[in-house]
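Q: What follows is a structure written as structure tokens; I'll ask about it next.
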Amino acid sequence: MLSAALIDSASAAFVAGLITSPHCVGMCGPIGCATLPLGQSESSLAWATASYHLTRALCYMTICLLAGLIGSPVLGAFGAAPARILPWLMIAMMLTVAFRLDRYFPKPKRLGGLFQKLSRRVRNLPRWLLGAGLGAVTPLLPCGPLYLIFTVALFSGSLVRGAEIGLGFALGTIPLLALAQGGYFRYQGKISPKVLRWVQCGFALVAAGLISWRMIASDGAFGDQFCH
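To convert a position in the sequence shown, counted from 1, into my numbering, add 172.
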């Protein structure tokens with residue numbers, strides 16, 4: 173029997189971040205590349221990139237922390253065990269990404285407008301501060317997978333677990349975004365977007381299948397170890 177402890181929300185969130193990172197490159201990539209100090213030293217490039225990702229990760233973590241804090245008493249009132257809910261929410265998120273169902277999510281226009289307004293204000297800052305500023309306003313983007321991870325954190329049952337989910341997701345999105353910022357995607361013409369999309373879909377389905385198998389194999393769907 174597999175232990176329920178093997179189903180870890182932070183690691184699942186990291187995998188979810190990796191899977192959704194192609195989407196992030198399309199949406200956040202141009203924003204992240206705006207932090208690059210063109211014509212300056214490699215150290216300036218490193219500082220600008222690091223400040224962007226560090227601030228973005230801290231913001232995701234803080235929002236998910238607050239979501240976990242808000243959701244904890246609600247779950248307690250209904251007697252729901254987060255350990256039973258979280259893995260299935262992660263599965264639902266990965267299936268949503270795999271089949272691109274997030275395209276049909278409503279996009280709050282006010283948040284998008286606020287992002288545009290704030291991002292314009294930070295454009296004139298020094299590069300390392302620009303990176304931090306853009307990282308701080310990135311959560312305001314109308315992003316379906318980001319809304320999903322915030323919702324998952326809401327059902328995490330605690331502020332600590334919520335923070336772990338936010339941080340894990342943010343860390344998962346960094347590798348591909350960092351490659352985009354480093355100029356790797358000047359070669360993207362050699363990679364078909366359709367192929368990349370199928371790869372993303374395949375990984376999402378595999379991850380959802382593995383988590384489902386772990387839950388069922390450990391009696392996680394209905395097992396007593398997942399109840400209060």
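Yeah, the Cβ is synthetic: ideal placement off N, Cα and C, and Gly gets one too. Here the structure is a predicted model, which is why all the values come from computation and not from measurement.
1. Do you know how far the Cα of P311 is from the Cα of R228?
2. From R293 to P259, what distance separates their C-alpha atoms?
3. Indicate whether the contact test is met: 3 or more Cβ pairs, each with one atom in the segment 301-308 and one in the segment 220-238, closer than 8 angstroms.
4. Return the first residue and the last residue of the alpha helix (DSSP H) that M291 is part of.
5. Are the beta-carbon atoms of R333 and G240 separated by less than 8 angstroms?
6. Express the C-alpha separation of F287 and S384 in angstroms, rounding to a whole number.
7. Go ahead and label V269 buried or exposed: buried means 16 or more other beta carbons lie within 10 angstroms of its beta carbon, across all protein chains shown.
8. Rank I321, L267, T323, K289 by C-alpha distance to the C-alpha of V378 and give the top, closest one.
9. Using 8 angstroms as the cut-off, can you tell me whether the segment 338-355 makes contact with the segment 180-191, which would need three or more C-beta pairs spanning the two stretches below that distance?
10. Measuring alpha carbon to alpha carbon, tell me which residue in L283, I191, L331 is nearest W370.
11. What's the C-alpha gap between P278 and Y319?
12. If you draw a straight line from the alpha carbon of L348 to that of R299, how long is it in whole angstroms?
13. Just to check my reading of the structure: A220 and G303 have Cβ atoms closer than 8 angstroms, yes? What is that Cβ distance to the nearest angstrom?
14. I'd like the list of long-range same chain contacts for L247, defined as Cβ closer than 7 angstroms, with 5 residues on each side in sequence excluded.
15. Where do the N-terminal and C-terminal ends of the alpha helix (DSSP H) with Y319 fall, by residue?
16. Going by C-alpha distance, which of P317, I388, L368, A325 is nearest T345?
17. Go through its chain and collect everything with a Cβ distance to F322's Cβ below 7 angstroms, but skip five positions before and after it.
18. Since L368 contacts P194 with CB under 8 angstroms, what's their CB separation in whole angstroms?
19. Using only CA atoms, which one of A264, C200, I388, G285 lies nearest to D274?
20. If I'm right that L283 touches V324 with Cβ under 8 angstroms, what's the distance once you round it to whole angstroms?
A: This is what the structure holds:
1. Working through the sequence shown from its first residue, we reach residue 228 at position 56. Working through the sequence shown from its first residue, we reach residue 311 at position 139. Spanning the two alpha carbons is a distance of roughly 8 angstroms.
2. If you number the sequence shown from 1, residue 293 lands on position 121. If you number the sequence shown from 1, residue 259 lands on position 87. Spanning the two alpha carbons is a distance of roughly 39 angstroms.
3. yes
4. Position 119 of the sequence shown, counted from the start, is the residue given in the question as residue 291. In the sequence as presented, Met is not what sits at residue 291; that position holds Ser. First-last of the alpha helix (DSSP H) with S291: 281-294.
5. Here residue 333 refers to the residue found at position 161 of the sequence shown. Here residue 240 refers to the residue found at position 68 of the sequence shown. Yes; because the gap between Cβ atoms is below 8 angstroms, this pair is in contact.
6. For this step, residue 384 is matched to residue 212 along the sequence shown. For this step, residue 287 is matched to residue 115 along the sequence shown. In a straight line, the C-alpha of S384 is about 37 angstroms away from that of F287.
7. As a position in the sequence shown, residue 269 is number 97, starting the count at 1. Flag for V269 reads buried.
8. Locating residue 378 in the sequence shown gives position 206, counting from the first residue. Taking only the C-alpha atoms, the option nearest V378 is L267.
9. yes
10. Within the sequence shown, the letter at position 198 stands for residue 370. Closest by alpha carbon: I191.
11. For the purposes of this step, residue 278 is identified with residue 106 of the sequence shown, where counting begins at 1. For the purposes of this step, residue 319 is identified with residue 147 of the sequence shown, where counting begins at 1. For P278 and Y319, the distance between alpha carbons rounds to 10 angstroms.
12. Working through the sequence shown from its first residue, we reach residue 348 at position 176. Working through the sequence shown from its first residue, we reach residue 299 at position 127. The alpha-carbon atoms of L348 and R299 are separated by roughly 21 angstroms.
13. Along the sequence shown, one-based indexing puts residue 220 at 48. Along the sequence shown, one-based indexing puts residue 303 at 131. Confirmed, Cβ separation roughly 4 angstroms.
14. The residue labelled residue 247 in the question sits at position 75 within the sequence shown. P254, F327, G329, listed in sequence order.
15. Reading the sequence shown from its first residue, position 147 is the one you call residue 319. Y319 -> alpha helix (DSSP H) spans 316-326.
16. Residue numbering aside, residue 345 sits at position 173 when the sequence shown is read from its first letter. Cα-wise, what sits closest to T345 is P317.
17. Mapped onto the sequence shown, residue 322 falls at position 150. Hits under 7 angstroms: I235, C236, A239.
18. For the purposes of this step, residue 368 is taken as residue 196 along the sequence shown, with counting starting at 1. For the purposes of this step, residue 194 is taken as residue 22 along the sequence shown, with counting starting at 1. That belief holds up - the Cβ atoms of L368 and P194 are roughly 6 angstroms apart, short of 8 angstroms.
19. Taking the sequence shown and counting its residues from 1, the one referred to as residue 274 is at position 102. The shortest C-alpha separation from D274 is found at A264.
20. As a first step, residue 283 must be located in the sequence shown, where it is residue number 111. As a first step, residue 324 must be located in the sequence shown, where it is residue number 152. With a Cβ gap of about 19 angstroms, L283 and V324 do not count as contacting.
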